[in-house]
Structures are given as structure tokens and as C-alpha cells.
Amino acid sequence: MKTELLKIDSPQQTDLLRRAAEVLRSGGLCGIPTETVYGLAANALDEAAVRKIFAAKGRPQDNPLIVHIASMEELPALVKEIPPEAKALADAFWPGPLTIILPKADCIPDAVSCGLPTVAIRMPSHPIANAIIREAGVPLAAPSANTSGKPSPTTAQHVLHDMDGKIDMIVDGGACSVGVESTVVTLCAKRPRLLRPGGVTLEQLRDVLGEVDVDKAVLGELASGEKPSSPGMKYKHYSPDADVKLVRGSLESFARYAKTYPAADTLILCFDGEESAFTNETIALGSASDAKTHAQRIFRALRDADERGFRNVLVHCPDDRGVDLAVLNRLLRAAAFQIVETE
Ligand code: AMP
Ligand code: MG
Numbered sequence: 242m243k244t245e246l247l248k249i250d251s252p253q254q255t256d257l258l259r260r261a262a263e264v265l266r267s268g269g270l271c272g273i274p275t276e277t278v279y280g281l282a283a284n285a286l287d288e289a290a291v292r293k294i295f296a297a298k299g300r301p302q303d304n305p306l307i308v309h310i311a312s313m314e315e316l317p318a319l320v321k322e323i324p325p326e327a328k329a330l331a332d333a334f335w336p337g338p339l340t341i342i343l344p345k346a347d348c349i350p351d352a353v354s355c356g357l358p359t360v361a362i363r364m365p366s367h368p369i370a371n372a373i374i375r376e377a378g379v380p381l382a383a384p385s386a387n388t389s390g391k392p393s394p395t396t397a398q399h400v401l402h403d404m405d406g407k408i409d410m411i412v413d414g415g416a417c418s419v420g421v422e423s424t425v426v427t428l429c430a431k432r433p434r435l436l437r438p439g440g441v442t443l444e445q446l447r448d449v450l451g452e453v454d455v456d457k458a459v460l461g462e463l464a465s466g467e468k469p470s471s472p473g474m475k476y477k478h479y480s481p482d483a484d485v486k487l488v489r490g491s492l493e494s495f496a497r498y499a500k501t502y503p504a505a506d507t508l509i510l511c512f513d514g515e516e517s518a519f520t521n522e523t524i525a526l527g528s529a530s531d532a533k534t535h536a537q538r539i540f541r542a543l544r545d546a547d548e549r550g551f552r553n554v555l556v557h558c559p560d561d562r563g564v565d566l567a568v569l570n571r572l573l574r575a576a577a578f579q580i581v582e583t584e
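So this is what it looks like as C-alpha cells:
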């Protein structure tokens, strides 16, 4: 299949939007920009189209998809009930990088929910994502548009790299502003529970909901055979071909540790101002306290490691506050939970 690359700069370009919507309405797959990462979209109500997403990504069959909507009017048809907490979260964070798990309506195909009685719903804020959903006139199932297990795509070029020849179209709407996937919170547990940290922070969720539990899979490694609340959390994820390790310790001790690796094979991901401590190539992820910039840069940096042929990536470990909780969650999976304490 030939993959068409379509540049759309504004939601006013209705002719171009219609072409993307036509692909989706006719059961095809289209890579779309969102504020979090690029999504691989299909008509969420078309079971055959949704199955193509799993094939193109090589996604495990038991990892359910997020359904994307463009307005609150679309929500009641997709879920069994809308509890007051969902209304409060939607008022506070939609459109935006928050996914809410609710009891699913019967119209949600099994291919979307993977047999669970629940469905994940999000309303993206990216103007082009929003316009494509409206123009398609159907909710869109859209996981990240990467090959399963690889770092998520934050540019159309990343999508092309993974999906060329496997999907009908990629809409290029520029680089993603958040850079990591949406926060996933379930309202189907006893208390609201954070399943995956993302662009909306735990602190922000607690401001709206009061108490929010944090699933142990957010920062912990599941024991083999243990059943996760969110199927996606059990897989090795976001990893380049290079071996990734997280390094915790002072800059001096990190630099000493880095010297135990062959410099030419080893890329360092560090914070602004730390580059000169290393003889290796470095990519700075922003200043140490600037979590938003870490999120914007992390997946691109992991992809760059492979593009440039590095065999090892050593990453200065971020803390767990704000959006850094999401960055840490992704890095732990990219590193298969390998953390080196250098102090
Ligand atoms: P992705 O779309 O690739 O960013 O992944 C979506 C994430 O949401 C995965 O971690 C899924 O396991 C999770 N997810 C989707 N639907 C549900 C659901 N009904 N219950 C729990 N987690 C879900
Ligand atoms: Mg994904």
C-alpha cells in the first residue's frame, strides 16, 4: 500500500481535512497529529478498521484502544453512565491530554475494548485532530502511531518511519506540544485511580477529584503473571534498539560511571548545563526542573539514539513531580526497569 503524506497547517483547510476524513469513513487508517503524540486512527465503530490498527502496529491483541471524540455530545452514546467525577474531569481538562475509563456502551466493538467491560475516552485539544474527528463524523480509535514497543512518534516523520506502506495516510500537523501520551484515569474502580501518568499531572487530578489512587504499575514492575489494571502497562515499551539505563546520582558520579562504557557507542541524555561533564555525545532534555520540556524531547531523543547507531543510552533520571512522573514512567519501561545508583 502507498502511504500518502498530507500536510495540514490549519483547521480551515477543509478540502484537505475532507480527504483524511474520507480515508477514515471508508475503513482506512490515518496517522493524525494530537497534542500528546501522533495517533494511528480508525473509525472506532468499525470493527474491521480497528483490527487493521493492531496489524499495522503489531500491537498485542489484549491492549485496548482509546476512543477520541471532538465534543461532549458524542460521549453519552459511547458509555453506560457518566458519573459526576467524569463531568468534573471533562470540565477541567477536556479538550486535553486526559483519558477517562468508563463503563462501555454496547456499540463499542470488542476490538476496541479487548473484551473489557470498559472503554477509554479522550477529547484531544489539537485543532487538526479535532477538525478531523468532526469531519469524519465518527469517534476515532487511535493508539500511538508507532510500531508496538518502540518510542511513540512526536512528528509525522516518526510515523512515516514506522508505518510507511502499512497505512493509507499520514496527516502532518507539525511537532506534538506535550510529547508524551495522555494521562489515563479510571472511574471504574472503588476510587479514581491513575493508570498511566501523562500530560495532565497527578497534582492536577487531585485538585479536581480529591483523593486519587496511583496504580502500582505506574512506577513499579509487575511480577510475571500479575494482572495489570491497564493491559498496556505490562509490556516493554518505548524502547529503542539501544540498551537504555536510568542513572541516579550526582553529575560527577554519573560522569565517572559513563566512562565505564565505550564513548563512541554510548549516548548520554542529560539536563541543560551537564553536557560538558561527559566525553560522549549528549542530548540535553531541558533544564533539570523543566518537566514539560523533558516530555517534549524524550521520545525524539530515544529515536535519535537508534538513528545515530548508538548501542547504549544512559539517562539522567528525572524526579517524579508534575509531568516528570510521565517521563519517568516511560523511561522505566524503555529501560526495562534498569536503574543504576552511582552514589
Ligand atoms: P496508547 O493508545 O498506545 O497510548 O495506549 C492506550 C493505553 O490505555 C494503554 O495503556 C491501554 O492499556 C490503556 N487502556 C485503554 N483502554 C483501557 C481500558 N478500558 N481499561 C484500562 N486501560 C485501558
Ligand atoms: Mg502507545
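With the first letter of the sequence shown counted as 1, position 76 gets the number 317 in my numbering; the numbers rise by one all the way through.
Don't be surprised by glycine CBs; every beta carbon is placed ideally from N, CA and C.
On a predicted model such as this, the values are computed, not experimentally measured, just so you know.
- Secondary-structure assignment with DSSP links M474 through no beta bridge to anything.
- Distances from the CA of S528 to each of N521, E522, A536 were compared; the closest alpha carbon is that of A536.
- A heavy atom of the ligand AMP is found nearer than 7 angstroms to the CB of S471.
- Note on the region 363-399: whole alpha helix (DSSP H) runs with a minimum of 4 residues are 368-377, in chain order.
- As for any alpha helix (DSSP H) of minimum length 4 sitting wholly inside the region 522-574, the runs are 532-548, ordered along the chain.
- At a cut-off of 7 angstroms, the beta-carbon of I362 does not count as near the ligand AMP: no heavy atom of the ligand is closer than that.
- Our two residues, H367 and P274, have alpha carbons roughly 7 angstroms apart in a direct line.
- Excluding five sequence positions before and after R549, the CB atoms of its chain that fall closer than 8 angstroms to its own CB belong to L508, E522, given in chain order.
- Residues of the same chain with a CB within less than 6 angstroms of the CB of M364, apart from the 5 flanking positions on each side, are I310, W335, P336 in chain order.
- Here the alpha carbon of A346 sits roughly 25 angstroms from the alpha carbon of D454.
- Residue side-chain check: P392 keeps its Cβ at 7 angstroms or more from all non-hydrogen atoms of the ligand MG.
- Remark: C-beta atoms of L316 and I374 do not approach each other more closely than 8 angstroms.
- For T427, the distance from the CB to the nearest heavy atom of the ligand AMP is below 7 angstroms.
- In this structure, G440 and V419 form a Cβ contact; the two beta carbons are roughly 4 angstroms apart against a cut-off of 8 angstroms.
- Excluding its 5 nearest sequence neighbours in each direction, T340 has C-beta neighbours in its own chain below 6 angstroms: I307, A361, R363, S423, V425, listed in chain order.
- Taken in chain order, the whole alpha helix (DSSP H) runs of length 4 or more contained in the region 271-337 are 288-298, 325-334.
- Closest by C-alpha distance to E245, out of S267, L543, Q253, G272, is G272.
- Per DSSP, reduced to three states, the secondary structure at R432 is coil, with no helix or strand assignment.
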